[in-house]
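Numbering (the working numbering), first residue to last: 1 to 406.
Before any comments, here is the structure.
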Ligand SMILES: C[S@@+](CC[C@H](N)C(=O)[O-])C[C@H]1O[C@@H](n2cnc3c(N)ncnc32)[C@H](O)[C@@H]1O
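Take a look at the structure:
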């Protein structure tokens with residue numbers, strides 16, 4: 001085989017694997033230069049850009065190191081690997097492809113990268129800060145939404161949103177295992193606004209996890225919904241639908257696998273949660289905001305030490321609102337955790353309620369205990385949260401506990 005043919009074959013295999021975002025490292029071995037033990041090129045991300053850290057391990061124990069951009073690496077370093085090395089291993093998470101080059105210039109491929117798992121990538125060189133969505137793998141939709149500039153970088157004013165979406169996606173990833181046996185998913189993003197998160201989740205399930213997804217973004221704002229619909233159409237995201245309307249009136253056509261809501265203002269979060277519960281969503285991920293309702297109702301002499309200071313009253317009301325929401329989800333058969341979405345220094349709107357429907361709902365006396373707990377907290381604080389009203393809690397309480405089913 002001609003040496004240029006080998007070079008092209010090696011280069012295109014390498015380039016393909018790098019572009020597909022499946023490669024962890026490339027190991028060059030059996031060097032012609034007898035001083036070289038091996039050379040390892042590791043992929044990492046810095047400021048959203050894919051780079052390679054190339055380390056040449058010498059037989060005397062020294063290590064030479066250089067950082068390359070992808071194109072520089074391909075054209076400066078890897079262009080003539082066949083001249084310098086007899087073996088090149090392309091190593092993905094769960095697969096390896098060996099390229100063997102004989103002394104007579106014959107090339108032999110062993111193993112395969114078919115079906116290799118995509119990489120979740122590092123944003124910093126050494127410390128593997130994992131970002132699911134990057135400016136590379138999500139380039140198409142991030143550009144279409146105007147998050148990326150012409151230079152391919154995230155606009156300064158969109159940086160916080162970009163980090164927030166990535167953090168949210170991490171939570172989506174933690175629950176995505178629940179859907180591993182499903183080809184099709186129904187996902188809702190309620191109070192989706194400009195829908196950066198909606199697009200990101202749709203992209204994650206369809207392009208990273210290869211699922212078929214019907215996803216619904218709902219918001220009151222007509223112009224925003226029209227814009228999002230047009231972007232979805234332009235991108236050919238067939239399963240992504242946007243509806244203009246009040247989330248309290250929205251019912252998805254199928255039982256939702258996942259309902260997400262990011263910063264649905266005040267009681268809009270309660271409408272989202274009530275709908276998700278009624279529609280038997282398997283998983284709910286909700287980051288509430290502007291929890292004003294309880295603050296205006298709160299009347300509790302025993303806590304006057306706190307409530308006399310409006311800032312502390314506000315913080316107490318926020319905590320009580322979300323704790324009661326979490327408890328209500330528990331009552332309705334969900335296992336709930338309350339976590340921090342992102343570094344609290346970035347935004348105070350930072351609580352994420354993660355609710356996963358239990359396979360076997362808790363029943364009888366345990367539910368009664370939860371309801372009593374919920375009720376006595378509301379009585380103590382002198383409040384009537386919207387969520388309990390939406391779920392007809394007074395009637396619910398009156399039901400005989402034995403008859404409660406979810
Ligand atoms: C703070 S924005 C968040 C938007 C988006 N989820 C995000 O994180 O970028 C809140 C959105 O909720 C929408 N909204 C508020 N109440 C709503 C309701 N009852 N039904 C539908 N949308 C609602 C508003 O129009 C607004 O776009």
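Don't be surprised by glycine CBs; every beta carbon is placed ideally from N, CA and C.
Collapsed DSSP secondary structure at residue i in the structure displayed
i, result
"residue 326", "helix"
"residue 132", "coil"
"residue 250", "coil"
"residue 111", "strand"
"residue 237", "coil"
"residue 309", "coil"
"residue 397", "In this prediction, residue 397 scores a pLDDT of 49, lower than 50, which makes its location untrustworthy; the coordinate-derived value is nonetheless stated afterwards. In this structure, residue 397 counts as helix in the three-state DSSP scheme."
"residue 157", "helix"
"residue 364", "helix"
"residue 268", "helix"
"residue 52", "strand"
"residue 275", "helix"
"residue 88", "strand"
"residue 407", "One cannot answer for residue 407 here, as it falls past the ends of the chain, which runs 1 to 406."
"residue 30", "strand"
"residue 404", "Only weak support is given to the placement of residue 404: the predicted model assigns it a pLDDT of 41, under 50, and the question is left unresolved by the model."
"residue 281", "coil"
"residue 453", "Since the displayed the chain opens at 1 and closes at 406, residue 453 lies outside it and no answer follows."
"residue 122", "Any answer about residue 122 is weak, because its pLDDT of 43 lies below 50 and its placement is not dependable; what the coordinates show is given next. In this structure, residue 122 counts as strand in the three-state DSSP scheme."
"residue 17", "helix"
"residue 127", "Because residue 127 carries a pLDDT of 32, less than 50, the predicted location of this residue cannot be relied on, and the following value inherits that uncertainty. Three-state DSSP puts residue 127 in coil, outside helix and strand."
"residue 43", "strand"
Proximity test, residue i beta-carbon vs ligand 1 heavy atom, cut-off 6 Å
i, result
"residue 318", "no"
"residue 133", "no"
"residue 263", "yes"
"residue 221", "yes"
"residue 246", "yes"
"residue 268", "yes"
"residue 192", "yes"
For residue i, the residue or residues it bridges with in DSSP
i, result
"residue 186", "214"
"residue 74", "Looking at the DSSP assignment, residue 74 forms no beta bridge with any residue, so it has no partner."
"residue 340", "351"
"residue 288", "264"
"residue 69", "51"
"residue 316", "DSSP lists no partner for residue 316."
"residue 219", "244"
"residue 36", "58"
Closer than 6 Å: residue i CB and nearest ligand 2 heavy atom
i, result
"residue 162", "Among the ligands modelled here, namely ligand 1, ligand 2 does not occur."
(message) I'd like to know if the stretch 182-202 and the stretch 215-223 are in contact, where contact means that at least 3 CB-CB pairs between them fall below 8 Å.
(response) Contact holds: three or more Cβ-Cβ distances are below 8 Å.
(message) Three Cβ pairs or more, each shorter than 8 Å: is that satisfied between the stretch 198-211 and the stretch 266-277?
(response) no
(request) Report yes or no: do three or more beta-carbon pairs, one from the stretch 230-244 and one from the stretch 252-272, lie closer than 8 Å? (result) no
(request) Determine, using beta-carbon pairs with one atom in the stretch 36-46 and one in the stretch 152-162, whether at least three such pairs fall under 8 Å. (result) no
(message) Across the stretch 350-360 and the stretch 319-339, are there enough close Cβ pairs to call them in contact, namely three or more that are closer than 8 Å?
(response) yes
(message) Any contact between the stretch 302-319 and the stretch 225-232? By contact I mean 3 or more CB pairs, one from each, below 8 Å.
(response) no
(message) Can you confirm whether the stretch 25-38 touches the stretch 51-64 when touching is taken to mean that 3 or more C-beta pairs between the two stretches lie within less than 8 Å?
(response) Judged by Cβ distances under 8 Å, the stretch 51-64 makes contact with the stretch 25-38, as three or more pairs qualify.
(message) For the structure I just gave you, are there three or more beta carbon pairs, one from the stretch 309-327 and one from the stretch 250-260, closer than 8 Å?
(response) Because the criterion of three Cβ pairs below 8 Å is not met, the stretch 309-327 and the stretch 250-260 do not touch.
(message) Check whether the stretch 166-186 and the stretch 135-150 touch, using three or more Cβ-Cβ pairs below 8 Å as the test.
(response) no
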